[in-house]
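The listed protein sequences derive, respectively, from chains U and Z.
This note's numbering applies: residue 1 is where the first sequence begins, and numbers increase by one.
This note's numbering applies: residue 1001 is where the second sequence begins, and numbers increase by one.
Just so you know, even glycine gets a beta-carbon here, dropped at the ideal spot from N, CA and C.
All of these numbers come straight from a predicted model, not from anything done at the bench.
Before any comments, here is the structure.
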Amino acid sequence: MAAQNLQSVPDQPAAPQEANAGQGQGQLEADGQAYFDRVMADDSRIEPKDWMPAAYRKTLLRQISQHAHSEIIGMQPEANWISRAPSLKRKAILMAKVQDEAGHGLYLYSAAETLGQSRDQMMDDLIAGKARYSSIFNYPALTWADMGAIGWLVDGAAICNQVPLCRASYGPYGRAMVRICKEESFHQRQGFEILLELSNGTPAQKQMAQDAVNRWYAPALMMFGPPDDDSPNSKQSMAWNIKRFSNDELRSRFVGMMVEQVRVLGLTLPDSEVRFNEDTRKWEHGPLDWNEFKEVLAGRGPCNSQRLERRRQAHDDGAWVREAAASYAAKQVNKQKEYAA
Amino acid sequence: MNPETQETTGHGDISVGVAGAGASGDGSASATRITPGNALRPEDIALEVRTGLARPTEDVAEYALRLGDDALILAQRLGHWISRAPELEEDVALGNIALDQLGHARSFLSYAGGAWDKSEDDLAYFRREHEFRSAHLFEQPNGDFAVTIARQFVVSYYQFELYRRLTESTDATIAAIAAKAVKEVDYHRDHSAQWVLRLAGGTDESRRRMINGFKLIWPYVGELFVDDALTTRLAEAGAAVEPSSLKADFDRLTGEVLKEAGLEVPDVPAAPGGGRRGQHSEHLGYILAEMQVLAREHPGASW
């Protein structure tokens, strides 16, 4: 498949698993590495059957499965408001949004499966607390305005992170991200719209909106990960064309976007130090509490235990249904075999 | 039903509600665009009502309220499954069915409100319990997945027969809403029938739960097919059909699935119902308390 993608590139080597059939293992590795390096240099794509370094596979598997888990756990804070959405139109939009997130989880688990791990295994790791998901979802969604702030800030930050991932060197991941980003941009717009409506509403509604922005702003900025000088894995991910921009670069861009948009909303960012640095040509923000970030990451956030327990419960309660479906499917296959015989 | 053909010709891409959309490779297809093409949206109906293009008679409005409330209460129930379903595919599927039901509810309520100068939200959020017209079946708790499937199976076969006939309604708006809804409810039938077969034919436990689910749900089936003065008047005018006239097709089609699943129609006494007269189950009060709480905290606010 990679060869197909590379058709426009002159004198590219054939994908090694085909070219080297029957050769020694060492030669296979060397050819594989050469091919991989060439794909990286050409900024082209690695596909599931191509040779790839074990560390590349491991990094991607971790990143994609964490991303999938984030979509699934991320359904919870918003699902919390489906039953209480204050208009039927908002209820429909919110339901569709949370449903999209389940869909994103599905694409991403599928992309991760192409790297050799089953969805069941990934789900077991999540439930056992062995796998991570984005810390942002360990904060509670306390008011309706949180649906706006999550859409605008959290999905907004996610888009900044994810648009460059559409060009990630691993084909299935990049392609999944294309579809996800389209839906995410809708999600961000609906969040913005919720806040705009609240901001132009009653004083109580406007206050609700400002309070939500105040609570979600810093956690959203921390979604980009630790500062560049404290992000040991970033360099390798950038060399592998998975990550395209550094954490701080993306964070700065995001702040710039939010500064413009918050004016339209008629709200303020809870950060008096936001400014555009004319020398670096970058947006800067006030200090972030990285200690809090590490605490939440370590499991000591407001909702860590609640989120995981809810997922575990859904998984356990559904076990008999999945067993029934598997058993029924097996029986149907047997019936067809008998019929054919 | 041949399960193999079911699989290949099944619900299509349930995320867009269009058969074959999944196979078309349309990368822009989104679960958030549940309205295929230029189909009727609740907003279109609200606009027609506001501009005086469509206005229901008092009888039609009362009837639309019944159908709208059924769909709204069911959507509220089904929405609870999102993030709690047995597998991700069911988070998506049940969420999709909830969205379809909510869409139907919004259309019917927008239209009904035309008779009393009320919006869909006035009707959903600011009526009291006895003013709702939902049948008890729709108010029943989700229970385990088998109870939800039993309820959905009954609902989708009932709604399919109802909407199929209402496409011929002399009331153009009712006919238009039904024409859109019947296509969606057809997928709901497919979804629930497949799960009835899987659960009944899966493991001993799933079979036991499926049988129990039907036992819990079946007492509320009868209310769906009860005629009253309103439905008689509307049926005579050609605007609606007598609920009792749906019963034979409902029995036949559900009977076929139950037979294939090796299940009996549960032999349980029917409950009297009363939702159409505003006499509800104990459950409705809690459903409304949750659904209405925020809107009522901010009366007059827009969202």
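Determine the chain Z residues that contact residue i at a beta-carbon separation under 7 Å, and present them in chain order.
i, result
"isoleucine 82 of chain U", "Gly1079, Ile1082"
"glycine 201 of chain U", "Ala1301, Ser1302"
"lysine 331 of chain U", "Gly1201"
"alanine 344 of chain U", "There is simply no residue 344 of chain U to check, as chain U begins at 1 and stops at 341 in what is shown."
Given that residue i touches chain U, what residues does it touch there, using C-beta distances under 9 Å?
i, result
"serine 1206 of chain Z", "Trp320, Val321, Glu323, Ala324, Ala325, Ser327, Tyr328"
"arginine 1198 of chain Z", "Val321, Ala324, Ala325, Ser327, Tyr328, Ala329"
For residue i, return the contacting residues in chain U, with the cut-off set at a CB-CB distance below 8 Å.
i, result
"valine 1293 of chain Z", "Arg84"
"asparagine 1096 of chain Z", "Gln99"
"valine 1092 of chain Z", "Gln99, Ala102, Gly103, Leu106"
"glycine 1103 of chain Z", "Ala92"
"glutamine 1152 of chain Z", "Going along chain U, no residue has its Cβ under 8 Å from glutamine 1152 of chain Z, so there is no contact; the nearest lies around 14 Å."
Please name the residue, chosen from the options, that lies closest to residue i on a Cα-to-Cα basis.
i, options, result
"serine 134 of chain U", "U:Ser185, U:Gln121, U:Pro77", "U:Pro77"
"phenylalanine 1214 of chain Z", "Z:Leu1137, Z:Phe1132, Z:Leu1094, Z:Val1226", "Z:Leu1137"
"arginine 1198 of chain Z", "U:Asp248, U:Lys49, U:Ala325", "U:Ala325"
"leucine 165 of chain U", "U:Val259, U:Leu28, U:Asn241, U:Asp289", "U:Asn241"
"proline 1152 of chain Z", "Z:Ala1176, Z:Gly1095, Z:Ala1124, Z:Glu1168", "As written in the sequence, residue 1152 of chain Z is glutamine, which differs from the proline given in the question. Glutamine 1152 of chain Z has its Cα closest to that of Z:Gly1095, out of Z:Ala1176, Z:Gly1095, Z:Ala1124, Z:Glu1168."
"glutamine 306 of chain U", "U:Asn80, U:Gln261, U:Gln188, U:Ala111", "U:Asn80"
"alanine 218 of chain U", "U:Ser252, U:Lys235, U:Lys206", "U:Ser252"
"leucine 94 of chain U", "U:Ser83, U:His104, U:Gly103", "U:Ser83"
"aspartate 146 of chain U", "U:Asn233, U:Asp43, U:Ala220, U:Ser185", "U:Ala220"
"glycine 1285 of chain Z", "Z:Ser1134, Z:Tyr1157, Z:Arg1050", "Z:Ser1134"
"alanine 319 of chain U", "U:Leu153, U:Gln25, U:Asp31, U:Asp120", "U:Asp120"
"tyrosine 107 of chain U", "U:Arg132, U:Lys97, U:Glu71, U:Pro227", "U:Glu71"
"arginine 132 of chain U", "U:Arg62, U:Gln117, U:Ser272", "U:Arg62"
"aspartate 229 of chain U", "U:Gly129, U:Ser199, U:Glu249, U:Arg244", "U:Glu249"
"leucine 153 of chain U", "U:Ala168, U:Leu308, U:Ile136", "U:Ile136"
"glutamate 1120 of chain Z", "Z:Arg1041, Z:Ala1176, Z:Ala1178, Z:Pro1141", "Z:Arg1041"
For residue i, which residues in chain U fall below 7 Å Cβ to Cβ?
i, result
"tryptophan 1303 of chain Z", "Pro86, Ser87, Arg90, Glu197"
"glutamine 1140 of chain Z", "Chain U residues near glutamine 1140 of chain Z: none, gap ~16 Å exceeds 7 Å."
"alanine 946 of chain Z", "In the structure displayed, chain Z extends from 1001 to 1303; residue 946 of chain Z sits before or after that span and is not available."
"aspartate 1121 of chain Z", "Ser87, Leu88"
Could you check what DSSP says for residue i in three-state terms: helix, strand or coil?
i, result
"arginine 244 of chain U", "coil"
"glycine 1300 of chain Z", "coil"
"asparagine 233 of chain U", "coil"
"asparagine 200 of chain U", "coil"
"arginine 281 of chain U", "coil"
"arginine 307 of chain U", "helix"
"phenylalanine 1132 of chain Z", "coil"
"isoleucine 180 of chain U", "helix"
"phenylalanine 186 of chain U", "helix"
"isoleucine 1217 of chain Z", "helix"
"asparagine 214 of chain U", "helix"
"alanine 298 of chain U", "coil"
"alanine 1270 of chain Z", "coil"
"leucine 1053 of chain Z", "coil"
"serine 1281 of chain Z", "coil"
"glutamine 1101 of chain Z", "helix"
"tryptophan 144 of chain U", "coil"
"aspartate 194 of chain U", "Sequence check: residue 194 of chain U is isoleucine here, not aspartate. If DSSP states are grouped into helix, strand and coil, isoleucine 194 of chain U belongs with the helices."
Am I right that residue i and residue j are in contact with their C-beta atoms under 8 Å? What's the rounded C-beta distance?
i, j, result
"alanine 1150 of chain Z", "isoleucine 1097 of chain Z", "Not really, about 14 Å apart at Cβ, beyond 8 Å."
"glycine 1068 of chain Z", "alanine 1105 of chain Z", "5 Å"
"glycine 103 of chain U", "valine 1092 of chain Z", "6 Å"
"alanine 111 of chain U", "isoleucine 64 of chain U", "5 Å"
Can you pull the DSSP bridge partners for residue i?
i, result
"phenylalanine 224 of chain U", "The partner list for phenylalanine 224 of chain U (beta bridge, DSSP) is empty, contrary to what the question assumes."
"phenylalanine 276 of chain U", "U:Trp283"
"tyrosine 170 of chain U", "U:Ile46"
In chain Z, which residues lie with their C-beta within 8 Å of the C-beta of residue i?
i, result
"glycine 151 of chain U", "Neighbours of glycine 151 of chain U on chain Z: none; closest Cβ ~12 Å, over 8 Å."
"alanine 314 of chain U", "Ser1083, Arg1084, Ala1085, Pro1086"
"alanine 168 of chain U", "Neighbours of alanine 168 of chain U on chain Z: none; closest Cβ ~17 Å, over 8 Å."
"glutamine 76 of chain U", "Ser1083"
Give the residues of chain Z in contact with residue i, contact being defined as C-beta atoms less than 9 Å apart.
i, result
"glutamine 261 of chain U", "Residues of chain Z passing the Cβ test: none, with the nearest at roughly 20 Å."
Please indicate yes or no: does the CB of residue i lie closer than 7 Å to some heavy atom of the ligand SAM?
i, result
"glutamate 1058 of chain Z", "With respect to the ligand SAM, the structure shown offers nothing to examine, as it has no ligands at all."
Practice item. Residues of the region 204 to 232 of chain U with a CB closer than 7 Å to any CB of chain B: list them in chain order, please. Key: The structure shown contains no chain B; its protein chains are U and Z.
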